[in-house]
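Chains as they are written, first to last, in the numbering used here: chain A, 1 to 335; chain B, 1 to 340; chain C, 1 to 300; chain D, 1 to 330. Here a beta-carbon is modelled for each residue, glycine too, at the ideal position from N, C-alpha and C. Input: a single structure, listed below in structure tokens.
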Amino acid sequence: MKSAPLRVPLSDSEIEVSIRGLSVSYQTSTGLYDAIHDLSLAIHRGSITAIIGESGSGKSTLAMAMLNSVTFPGKIRTGAIDYADVGDITGLNAESLRRFRGEHAAMVFQASQDTLNPLKRVGAQLLDMARSHGLRDRKAILREGSLLAERMSLPASRVMAAYQHELSGGMRQRVSMIFALALKPRVVLLDEPTTALDVLSQSHVLQIVRAIHEERHLTTLLITHDMGVVAELSDRVVVMYAGRIMEDAPSRDLLRAPRHPYAKALIRAIPRLTGPLDRAQALPGAPLELRQIPVVGCVFRDRCTLRQSICDEVTPTLREVAPDHRTACHLEVEA
Amino acid sequence: MIEVVDLTRTFRGAGGLFAQNDVQALRKVSLKVERGAALGLIGESGCGKTTLGRIVCGLETFDGGDVLIDNQSVKTLGDRARRKVFRKVQLIHQDPYSALNPTRDIAHALIDPLRIQARLTRRDSTWVKQRAVELLSLVGLDPQETLYKFPHQLSGGQRQRVVIARALTVEPEALIADEAVSMIDVSLRLGVLHLLATLRRELNLAIVLITHDVAAARYVAHDGELAVIYKGEIVEKGKTDSIISAPVHPYTQALLSAVPVLRGLEVDGPDRYIPEPEVQVQGAEPAGCLFSTRCVFADDHCRGHHPDLSRWGDGDRLMACFKPQERQVVAVAVDDAMEA
Amino acid sequence: MATSPANVQSFYMVKRPNALAVAWKVIVKKPSRVIGLILIAIFVLMAAIGPMLYPPVLPINPLAIYAAPSFAHPLGTDFQGTDVLAEIITGARFVLLGAFFAALFTVLIGTSVGLAAGYFRKWRDSVLMRITDLFLTVPSFPLLIVLSTIWRFTSPLALGLVLGITGWAGLARAVRSQTFSLRERGFIEAARGIGLSDWHILTREIFPNIAPYIVMNLLIATTGAIYSEIGLFFLGIVPFSTNNWGVMLNMAFTQSGAMYTKSGLLYLLSPLACIMLVTFGVVLFLDAVDELLNPRLKGV
Amino acid sequence: MAFLKVFVRKAIGGLVMIFVVASFTFFLIRLMPGNPVTTKLNALLATGTPYPIALSKVSVMYGFVPNQPVWQQYLTYLGELAHFNLGESISYTGVSVTHIILSAAPWTIIMVLTGVIVSFVLGVLAGVIAAVWRNSWIGQSSTFLATFLHGIPQFMLALVLAYVFTTVWRVFPFGAPYNAAIQPGWTPAFIGSLAKHAVLPVAAYAISGYGGWALTMRSSVTSVLGDEFILAAELRGLTRGMRLRYIARNAFLPLFTTLTLSLGFMFGGSVFIESIFDYPGLGNLLTTSIGAEDYPLMQGAFLLITTAVIVANLLADLLYTAIDPRIRRA
């Protein structure tokens, strides 16, 4: 075994959000189940971090937890979510939490979601936001909104006067982005930003996200199930399965040399435009439902081709296998 | 097996802030697909590809041109005969969640159409039950596990397999898969695509894959054809691999360029260019090439004249562009990758 | 890949769980459902055997007018000295039978019209919906009164029919809109593509999806019909052919002066209490029906 | 623009409905067992009235000439109807039906609309409370009260109210719309008497409508609470008050679709409430006209009740168009 290369630990000043020991559980008629189980993760300031996973992986729950807005019957059971200059948001009172949402961290919704009040114009809803956050110059938010609209090549004045039903899917996505950025938050969460969009709109949205991320020095979190989006946009990728992190690495490292069998299988399951067809291999089985997640052992073992007896008995922990590259698999040792 | 000739369909519509009134979903589209062959219809949403799929399944009407199934025009058929003819062409819906009746179990979903089939082919009720089991195995499901389940107890991938099994109950000659994998988990998509490719081979089915995901189309129709549709018009058509490796029409190139590059595994294609964002145009359509409003290569001639579909090269490639040029825009694989 | 016929048979033996057992399990889950079921059962029983327990014409007793509750007369007596409890028990049949027919016709007409309009659309939809709108707008109780002038509906069946005719429109509209949205769903399109007949699609694909709603409406329509029936008798518009709760109410209000004397309280309250108890039973039981008919609520 | 279009379309629909209802009552009377028109004619002839006079008397009563062919009678009837001539009452001899129903109409329309408005306002508020605080005792008791009241038929409500508040506990006067001892006029005493007498009937209307509104609003709010834009508003840090306003306004809209049903129900209820509280409104007129076999009056009362419902619906539709931009700007 080679000795691990020395790594300078990140100083706190480089970390924007630090999640420690987070468990989010859902109360059902048959018991309490963890949608996220003992998850720890540091999100670097100024990075674009992608959370990738299938349905039921807990990635959306994680996004909601990061704004402390997990809804009933789910709740944050244990753990802390520390934002730089704010502290642990799981301990905020209702009023501070309200102010935190939108001002410090904001969410961009999917294109298919109707996230605007159907009875009010876009501009009026921006003003509502300004009022809620006690902005002294309320009109400023309209100027900011128009600026953002133009930045995203939308006709600003018409969008401000539009109702939700007058916007197309791609436009809704961008309007959702205007709302997220209007109060100049430091952290932006994008929930499946390209789902339900065509390839061309998708590449356009990705361009915009990248550009605005850089212009505004944001820390961006990307929730996605699409490895292509990860590859195009993110600096870092966290692979989730059944509420746990399977692998956490810089995007290029992960794509080039995934360590966890799940990450490998996910990448292999993408049909490609070049190369032999059989390079793409289907991933057997189906994602676990909340109630099926085993408590002991590796959660991925049922779909894993390399399963061994240790996988049933011992829960693998997330450990560093290469510089800045963590994985949770018994079979993976340091490179 | 299926042939459409100069197919035209116009929707009268109204709508949002930037909408025009009438939508020409299809403009003189001609296509043909034989049994055992595969065709990928590529385009963005709203380009008319779904309408085309629905028309050849008999679920939508058309205004002009004709649809021929097994060389028989459907225009002159009566209600009964139409129903019979269109049973040969089955649609696999985009949304496996709505494609199955939530109140009925899988056994019913298969047995109802099988009963009809049994009546038509003079087979008995044992055959019906046996066939239901066979079909579930055929699409890669465990019959014992699935037969008495309700749709909500199955995953998206499993549902889509049931939907395919149901389509097979009537022994069709063609499957039209309309974005059949876009709503299921990424990890399960390939399995369903693989199933379609297998069925095509084993049952000698014609497969039409309607999608905006070129890679998915390639997976099923790599030895078949691709047709690229823009605003209801075919702009390029030809052998799948030749279109992907050397697209001629700027729209095809734009679509292929927009496919994310898996950096780390792939590098950008040498001619890749980031397409212009869609410009919202109000009012009348351009007099010339429909794509000229977004095309980076368009000039005044393109904007003034409409290009017809014409032959390119010495193969059977067709394209509709005044400035055709082959460009290699697709990402290139870095070969050290994961097999190591 | 192929499964042998023997195999097929053997696992077709694995049947779905017994429907009655499932129903019972769902009902006993909550005490409120059991109470609802018991209440409904009591009244159904009353309607079934009540009239057999008493002579066809109940005895009157001029010496015991408005008698207070006693062992012989648990609910006291009315203005003629007739036992109120006996009147209640014998009066249940007409009311409940009429309500049952009314609910049946309401659901029958409402469902057929709604399904047809929602499924066939186009001109059939427009025509049917115009008619529905008309029935929806015209206040049904005044319409009933007007209809009573040409139609002496004295039997439970006739009364039920007329209540059905005046009361189906709301259900038709709701069924139509549900059918409309179901029709957009992929499985209906798939069924048509496969070549299943319209009849099959309507009865086997669409109907099961709206069945819970319809059954619930059947129960709700029953209570609504009871109100209308009793209202008609109360106003004295329908000839009093038999003794029933509505006639009691009418007598209590108009003949006996029960409104003005506190001694008539039980006579006035007894039929009202029965109406409330039936309604109460139905409302409590509805919850069980909802769960029974909705596969998504049954749990895995 | 859209306003006008909706208005014209709905108004035409309403006129057609009135036409259908008018035709229905016409044929109803013609189809009655022992055709009352002929019966009346024969009765007059039996008293020795000369045929021409009897004929003209009957034709004045019903608005059509009995010995004409049916289609001609129908046309005459429609023509008279267009001039708001509904014939003459039989029980109030010689008084025109139009006059009787128009003087009865205000009692019904004012009472019903007051009842609708009161029940609507209270019901909507109760519905919001029941949905927003559905996990606490306040929401649950609100739901229970609404369910309970919704299950009580109107005549029962009216009877119970009358019994409790006039017989058991004499706080309100019973019967008649005002104290007969007071001279009608715009005097405080008369208006006070009117108001005092109106409390119970209006309460009966209001309570009978309350449960329906509360339950509809409750389910509407519950469904809006699950809408994505409410979650989005929360994640954008909007204040609770702002979010409540978003919820209320959106949840409000679906209520308009139930308004049609409710208006018919409320106007229909006038039949009971007016007869129990002895108000000289349209509902009472309808019941008494049938007892008196005064068919022209019955026809008129029924027609006017229907018309009132149609007009009220028209107003509701206009209001809806004004509130919802999706319809306004379609």
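- Message: Only counting the same chain, and skipping five residues up and downstream in sequence, which positions put a Cβ closer than 8 Å to that of B/His-152?
- Response: Pro-102
- Kindly indicate if chain C contains any beta-carbon less than 9 Å away from that of D/Val-58. no
- Message: For A/Arg-172, which residues in the same chain have their Cβ closer than 6 Å to its Cβ, ignoring the five residues on either side in sequence?
- Response: Ala-111
- Query: Excluding the five sequence neighbours on either side, which residues of its own chain have a C-beta within less than 7 Å of the C-beta of A/Ile-48, listed in chain order?
  - Reply: His-213, Thr-220, Leu-222, Leu-233, Ser-234 and Asp-235
- Message: Is A/Pro-185 close to chain B? Criterion is C-beta to C-beta, closer than 9 Å.
- Response: no
- Query: Name the DSSP beta bridge partners of D/Tyr-279, please?
  - Reply: Beta-bridge pairing links D/Tyr-279 to no other residue.
- Query: If contact means a Cβ-Cβ distance below 9 Å, which residues of the region 310-328 of chain D contact chain C?
  - Reply: Ile-310 and Asn-313
- For D/Met-298, return the contacting residues in chain C, with the cut-off set at a CB-CB distance below 9 Å. Ile-145, Val-146 and Thr-149
- Ordered list of beta strand (DSSP E) runs contained in the region 230-284 of chain B, each at least 3 residues: 233-239
- Message: Is the beta carbon of D/Gly-268 closer than 9 Å to that of D/Glu-274?
- Response: no
- Could you pull the start and end residues of the alpha helix (DSSP H) that B/Ala-165 belongs to? 156-168
- Are B/Arg-272 and B/Ser-292 closer than 9 Å when you measure CB to CB? no
- Nearest candidate by alpha-carbon position, reference A/Leu-154, set A/Glu-332, A/Phe-300, A/Val-175 and A/Arg-210: A/Val-175
- Kindly indicate if chain D contains any beta-carbon less than 9 Å away from that of C/Asp-133. yes
- Residues bridged to B/Ile-42 (per DSSP): B/Thr-211 and B/Val-228
- Message: Which residue marks the beginning of the alpha helix (DSSP H) containing C/Arg-192, and which one marks its end?
- Response: 186-194
- Task: Return helix, strand or coil for A/Ile-19, following the three-state DSSP convention.
- Result: strand
- Can you give me, in chain order, the residues of the region 224-237 of chain D that have a beta carbon less than 8 Å from any beta carbon in chain A? Asp-227, Glu-228, Phe-229, Leu-231, Ala-232, Ala-233, Glu-234, Leu-235, Arg-236 and Gly-237
- Task: Taking only runs that begin and end inside the region 24-112 of chain D, name each unbroken alpha helix (DSSP H) of 4 or more residues, in chain order.
- Result: 36-46, 51-62 and 70-82
- Item | Close Cβ partners of B/Leu-255 (< 6 Å) along its chain, the five nearest in sequence each way excluded | none
- Query: If you count every other CB in all the chains shown that lies within 10 Å of the CB of D/His-197, and 16 or more means buried, which is it?
  - Reply: buried
- Between the CA atoms of D/Ala-206 and B/Ser-98 - distance to the nearest angstrom: 43 Å
- Task: Please check if any C-beta of chain A sits within less than 9 Å of the C-beta of B/Val-330.
- Result: yes
- Item | Meets three-Cβ-pair contact criterion under 8 Å: the region 199-210 of chain B and the region 232-248 of chain B | no
- Message: Assuming the contact rule is C-beta atoms closer than 8 Å, A/Gly-56 and A/Leu-290 should be a hit. Round their C-beta distance to whole Å, please.
- Response: 7 Å
- Message: Suppose you measure from the CA of A/Ser-168 to the CA of B/Leu-26; what does that come to, to the nearest Å?
- Response: 21 Å
- Message: Less than 9 Å between the beta carbons of C/Gly-98 and C/Glu-229, yes or no?
- Response: yes
- Quick one: is B/Gly-232 near chain A, going by C-beta distance under 9 Å? no
- Message: Counting C-beta neighbours from all protein chains within 10 Å, is the total for B/Val-208 16 or more, i.e. buried, or is it exposed?
- Response: buried
- Task: Please report the residue range of the alpha helix (DSSP H) in which D/Arg-196 lies.
- Result: Per the sequence presented here, residue 196 of chain D reads as Lys, with Arg not at that position. Its alpha helix (DSSP H) spans residues 188-225.
- Item | Where A/His-225 meets chain B, residues with beta-carbon distance less than 9 Å | Asp-185, Val-186 and Ser-187
- Query: When you check each C-beta in the region 145-173 of chain B against every C-beta of chain A, which residues fall closer than 8 Å?
  - Reply: Ser-155, Gly-156, Gly-157 and Gln-158
- Message: Given a cut-off of 9 Å on the beta-carbon distance, is the pair C/Ala-288 and C/Tyr-267 in contact?
- Response: no
- Query: With burial defined as no fewer than 16 other Cβ atoms inside 10 Å of the residue's Cβ, what is the status of B/Gln-160: buried or exposed?
  - Reply: buried
- Inside the region 22-102 of chain C only - alpha helix (DSSP H) runs reaching at least 4 residues: 31-49
- Task: Give a yes or no on whether 9 Å exceeds the smallest Cβ distance from B/Leu-199 to chain C.
- Result: no
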